[in-house]
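Protein chains: 2
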Amino acid sequence: MRPTAARQGSLREHNLGLVLRTVLESDASPSRADVAAATGLTKATVSALVDRLVAGGLLAELAPAPALRAGRPAVPLAAPVGTVAALGAEVNVDYLGVRVLDLSGAVLHERLVHGDYRSSDPATVLARLAGLVDEAAAATSGTRLAGTALALPGLVDRGVGPLRLAPNLGWRDVDVVTLLAASSDVLAAHPPALANEADLAARAEAAARREDPTFVYVSGEVGIGAAMVLDGRILAGRHGWAGELGHTLVADGRPLEAVAGQDAMLRAAGMEPVAGIDALAAAADDGDEAALRAIAAAGELLGHALANVVNLLDISDVVLGGSYARLASHLREPVLAALGAHVLAAPWAPPTVDVARAASVPALDGAALTVLAGVIDDPSGWLAPEVASP
Amino acid sequence: MRPTAARQGSLREHNLGLVLRTVLESDASPSRADVAAATGLTKATVSALVDRLVAGGLLAELAPAPALRAGRPAVPLAAPVGTVAALGAEVNVDYLGVRVLDLSGAVLHERLVHGDYRSSDPATVLARLAGLVDEAAAATSGTRLAGTALALPGLVDRGVGPLRLAPNLGWRDVDVVTLLAASSDVLAAHPPALANEADLAARAEAAARREDPTFVYVSGEVGIGAAMVLDGRILAGRHGWAGELGHTLVADGRPLEAVAGQDAMLRAAGMEPVAGIDALAAAADDGDEAALRAIAAAGELLGHALANVVNLLDISDVVLGGSYARLASHLREPVLAALGAHVLAAPWAPPTVDVARAASVPALDGAALTVLAGVIDDPSGWLAPEVASP
DNA sequence: CGGGATTAGTTGTATGAATGAACTTAAGGC
DNA sequence: GCCTTAAGTTCATTCATACAACTAATCCCG
Numbered sequence: 001m002r003p004t005a006a007r008q009g010s011l012r013e014h015n016l017g018l019v020l021r022t023v024l025e026s027d028a029s030p031s032r033a034d035v036a037a038a039t040g041l042t043k044a045t046v047s048a049l050v051d052r053l054v055a056g057g058l059l060a061e062l063a064p065a066p067a068l069r070a071g072r073p074a075v076p077l078a079a080p081v082g083t084v085a086a087l088g089a090e091v092n093v094d095y096l097g098v099r100v101l102d103l104s105g106a107v108l109h110e111r112l113v114h115g116d117y118r119s120s121d122p123a124t125v126l127a128r129l130a131g132l133v134d135e136a137a138a139a140t141s142g143t144r145l146a147g148t149a150l151a152l153p154g155l156v157d158r159g160v161g162p163l164r165l166a167p168n169l170g171w172r173d174v175d176v177v178t179l180l181a182a183s184s185d186v187l188a189a190h191p192p193a194l195a196n197e198a199d200l201a202a203r204a205e206a207a208a209r210r211e212d213p214t215f216v217y218v219s220g221e222v223g224i225g226a227a228m229v230l231d232g233r234i235l236a237g238r239h240g241w242a243g244e245l246g247h248t249l250v251a252d253g254r255p256l257e258a259v260a261g262q263d264a265m266l267r268a269a270g271m272e273p274v275a276g277i278d279a280l281a282a283a284a285d286d287g288d289e290a291a292l293r294a295i296a297a298a299g300e301l302l303g304h305a306l307a308n309v310v311n312l313l314d315i316s317d318v319v320l321g322g323s324y325a326r327l328a329s330h331l332r333e334p335v336l337a338a339l340g341a342h343v344l345a346a347p348w349a350p351p352t353v354d355v356a357r358a359a360s361v362p363a364l365d366g367a368a369l370t371v372l373a374g375v376i377d378d379p380s381g382w383l384a385p386e387v388a389s390p
Numbered sequence: 391m392r393p394t395a396a397r398q399g400s401l402r403e404h405n406l407g408l409v410l411r412t413v414l415e416s417d418a419s420p421s422r423a424d425v426a427a428a429t430g431l432t433k434a435t436v437s438a439l440v441d442r443l444v445a446g447g448l449l450a451e452l453a454p455a456p457a458l459r460a461g462r463p464a465v466p467l468a469a470p471v472g473t474v475a476a477l478g479a480e481v482n483v484d485y486l487g488v489r490v491l492d493l494s495g496a497v498l499h500e501r502l503v504h505g506d507y508r509s510s511d512p513a514t515v516l517a518r519l520a521g522l523v524d525e526a527a528a529a530t531s532g533t534r535l536a537g538t539a540l541a542l543p544g545l546v547d548r549g550v551g552p553l554r555l556a557p558n559l560g561w562r563d564v565d566v567v568t569l570l571a572a573s574s575d576v577l578a579a580h581p582p583a584l585a586n587e588a589d590l591a592a593r594a595e596a597a598a599r600r601e602d603p604t605f606v607y608v609s610g611e612v613g614i615g616a617a618m619v620l621d622g623r624i625l626a627g628r629h630g631w632a633g634e635l636g637h638t639l640v641a642d643g644r645p646l647e648a649v650a651g652q653d654a655m656l657r658a659a660g661m662e663p664v665a666g667i668d669a670l671a672a673a674a675d676d677g678d679e680a681a682l683r684a685i686a687a688a689g690e691l692l693g694h695a696l697a698n699v700v701n702l703l704d705i706s707d708v709v710l711g712g713s714y715a716r717l718a719s720h721l722r723e724p725v726l727a728a729l730g731a732h733v734l735a736a737p738w739a740p741p742t743v744d745v746a747r748a749a750s751v752p753a754l755d756g757a758a759l760t761v762l763a764g765v766i767d768d769p770s771g772w773l774a775p776e777v778a779s780p
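These protein sequence lines map, in sequence, to chains A and B.
Per this note's numbering, the first sequence runs over residues 1 to 390.
Per this note's numbering, the second sequence runs over residues 391 to 780.
Okay, structure coming up:
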């Protein structure tokens, strides 16, 4: 039985989340009356729910703004600062990262450590990450930590894991949660939700594109990950393994990653893979013929793969992230050309190619946002215990 | 504001639908007490909801079964026969079809007209279909018609249309709903919901696989359509254009349809396209080398395209429908081999290839089921007006 | 054949969440 | 200083579900 019985408490829970979401997603600081108008609930109901959220520490009342028009001045509502926070972490090929966001989306703490984690030892790397997490928790000790989430570049069972396969790290069947819990009390108390790096980056991107959150996010790192976002929801698949665009077979029977990945583009441009994507981008910006040809060739094949995705899923907007964002000015044209040529619905819904808008290292934001979404979806579980009145 | 305020009526609506769905999806005929146990609602609540549904004609009480054990015998509940019905229709390259289902899923009426509708005139064909619909409505005049839906082989805006493109019919930008309304009073009163043929066939297939409704449905007709089903929900995309697997670019840069479609397989086997898929299947069953080679070659390319889908969406079960179902015994092996070789997650979730279980011409069922799903999701809108008590 | 056990379904009261209308509070405008 | 305007609160009402006690209908067993 998938749908569950709705009891009376479900109503309150639903509306509590609705009110909280309405305030948090609003650009301005809405009053109780604004929220009532936006949600369709009555002022009385909104007041009761808001009072509960404020008492629980999930919303804050700001100082009344100077009145602009007649009538009693509104009490502006906003996300509370420094009460509830979520920690996002990431292990990737080139870096480890940790970021702490509060309910308003503000960054309370951030730490990025560059390194080379190809063919690395999981236990060592994860112990290092655990250290960063403990530091972050210490630095934000004044806030309640709602939970943690971890982005990984590979096939990972959504939620508890394990990590099945991370080709570019050289990891396979790693029980990440248990290893982390052994190195960090914070992570033992708040076991991280695991997810694919591209899926989490796409979640951050969806938050940055709230007005039209339907797109394919392509994350060009050493590998090529993708995530499909439909109406703000990530299509992660049954296990969480969706989005392996890098292993799409392209024209000559090879996987896309082998012909349009970071290393492949660098080699095609006559450069060493260790040179890095910035070197390639700089060469292309300077008009280097080999670099431009390499990027254009990769773009055409990427465009073919994306045309297949668009034909399959009816999502016409493509967002370039990761190192593809850095190359966007050169990649955009060949990708768009391939989409225009091969997308069946192009005459009625012209495909677009855009650059990612989310913060750098977006998966860190996405991971933290996953945790915060859990708080917003189940507010009553996170209301601070009220002090008993005397 | 996507999520809407939950008022008290939402609760009842939700639980009304839950109770109705529980009874309809049950294999046996559950009693009120069974429904209460299955849903978690109390017997009192279920009784009240069931009474309302029975009074409204959406559920029926059967004659009490002979008691098998101690205790008061249960009153079995079931879908009512011949009270509420839905009409599914289809225009395809080789046939027109109409089928009427009642809430139990039983076929009340069916009519299939074979023909060749390639490069046909939309107005003429749709007038012919309208005639079939009127006949069907006349033949089932004792039932309340909940609505109609129409399956079309091409890009169609989900719901009201128009039909953008149906390459194999040679239709483009046809306002199907208006044309049909002009030819049929029934369709004028119940404007058909339009959808893609493969999407609707997949819906019927999902109903036949209720125990594990997550799969990719591949419908091999003259074109190749696909539909992705996730947990019973069809991934139709924003406009309803998803699933254009036939236009996936495969190894040599041609669309899949051109190398693995019905006509392509026939030509590769040295047969005329007009011979039909049954001739090809018969030749293969007889061990004809050319036929077997043609099917195996198509299977390998189909497998490549499906491996890309599996890698992208993390759906590991493939269901062959349409003419592919007829060829399944020969297609299965090459498709499975390609999936095993190219699916990244194959070691942890081995791909499967199965034959469609739904009735023949499944899109007719799917279309009717779409309408019935609307009734189940909004039961109070379909409760027959109660007679005022004296 | 009659009482007890057992299960289905009903009745009536209690709970709790949202509603709606009247009310209070706090400003501006003339 | 009084009127208007708008925000927020109070309180009686409504309505769907929960809970518990009850009635109904059957089998089992002595």
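Virtual Cβ for every residue (Gly too), placed ideally from N, Cα, C.
- Taking the C-beta atoms as reference points, L577(B) is found nearer than 8 Å to A571(B).
- Counting along the chain, the unbroken alpha helix (DSSP H) around V425(B) starts and ends at R422 to T429.
- Contact with chain A is found for R554(B), since one of that chain's Cβ atoms lies less than 8 Å from the residue's Cβ.
- Annotated three-state conformation of P153(A) is coil, per DSSP.
- Interface flag for N701(B) against chain A is set, since a Cβ pair is found closer than 8 Å.
- Where A598(B) is concerned, the enclosing alpha helix (DSSP H) starts and stops at E587 to A598.
- Taking a C-beta cut-off of 9 Å against chain A, the contacting residues of the segment 631-649 of chain B are W631, A632, G633, E634, L635, G636, H637, T638, L639, V640, A641, D642, G643 and P645, listed in chain order.
- Beta bridge pairing from DSSP links A294(A) with no other residue.
- Around the CB of Q398(B), fewer than 16 other CB atoms lie within 10 Å, so the residue is classed as exposed.
- For N405(B), at least one C-beta of chain A is nearer than 8 Å to its own C-beta.
- With respect to chain B, the C-beta atom of L344(A) has a partner C-beta closer than 8 Å.
- Under the DSSP definition of a beta bridge, A86(A) partners with L101(A) and G147(A).
- Closer than 9 Å at the C-beta level to chain A, one finds no residue of the segment 750-778 of chain B.
- By the C-beta criterion, the segment 720-736 of chain B is judged to be in contact with the segment 679-695 of chain B, since at least 3 inter-stretch pairs fall below 8 Å.
- Checking the DSSP bridge columns, you'll see W171(A) partnered with A166(A).
- Residue nearest to P512(B) within the set A539(B), V567(B), P466(B) and D492(B) is V567(B) (criterion: CA-CA distance).
- Counting other Cβ atoms within 10 Å of its Cβ, S323(A) reaches 16 or more and is therefore classed as buried.
- Within chain A, the residues placing a beta-carbon under 7 Å from that of A739(B) are H239, ordered along the chain.
- Excluding residues up to 5 positions away in sequence, A264 lie with their Cβ nearer than 7 Å to the Cβ of A258(A) in the same chain.
- For T435(B), the three-state secondary structure derived from DSSP is helix.
- With a minimum length of 3 residues, the unbroken runs of beta strand (DSSP E) contained wholly in the segment 299-341 of chain A fall at 317-322.
- In the DSSP assignment, H114(A) is bridged to Y95(A).
- For D621(B), there is no enclosing beta strand (DSSP E), as DSSP marks it with neither H nor E.
- Using a Cβ-Cβ cut-off of 9 Å, H114(A) is close to nothing in chain B; its nearest Cβ partner there is about 28 Å away.
- In this structure, the beta-carbon distance from V699(B) to V743(B) does not fall below 8 Å.
- For the segment 39-56 of chain A, residues whose beta-carbon sits nearer than 8 Å to a beta-carbon of chain B comprise T39, G40 and L41.
- Residue contact with chain A for D565(B): absent (no Cβ-Cβ distance below 8 Å to any residue of chain A).
- Taking the Cα of E611(B) as reference, the smallest distance to any Cα among D484(B), R442(B), V425(B) and D441(B) is reached at D484(B).
- A direct Cα-to-Cα measurement between E662(B) and A684(B) gives close to 13 Å.
- Of all residues in the segment 291-309 of chain A, the ones placed with a Cβ closer than 9 Å to any Cβ belonging to chain B are H304, A305, A307, N308 and V309, in chain order.
- Counting C-beta pairs closer than 8 Å gives three or more between the segment 753-764 of chain B and the segment 585-604 of chain B, which meets the contact rule.
- Contact between R164(A) and D173(A) holds: CB atoms are separated by about 6 Å, below the 8 Å threshold.
- Judged by DSSP secondary structure, D285(A) falls within the alpha helix (DSSP H) whose first and last residues are I277 to D285.
- Residues of chain A whose Cβ lies closer than 8 Å to the Cβ of A457(B) do not exist, since the nearest Cβ in that chain is about 26 Å away.
- Within the DSSP secondary-structure output, S609(B) pairs in a beta bridge with G615(B) and G711(B).
- Nearest neighbour of A396(B) by Cα position, chosen from L24(A), A106(A), V46(A) and T143(A), turns out to be V46(A).
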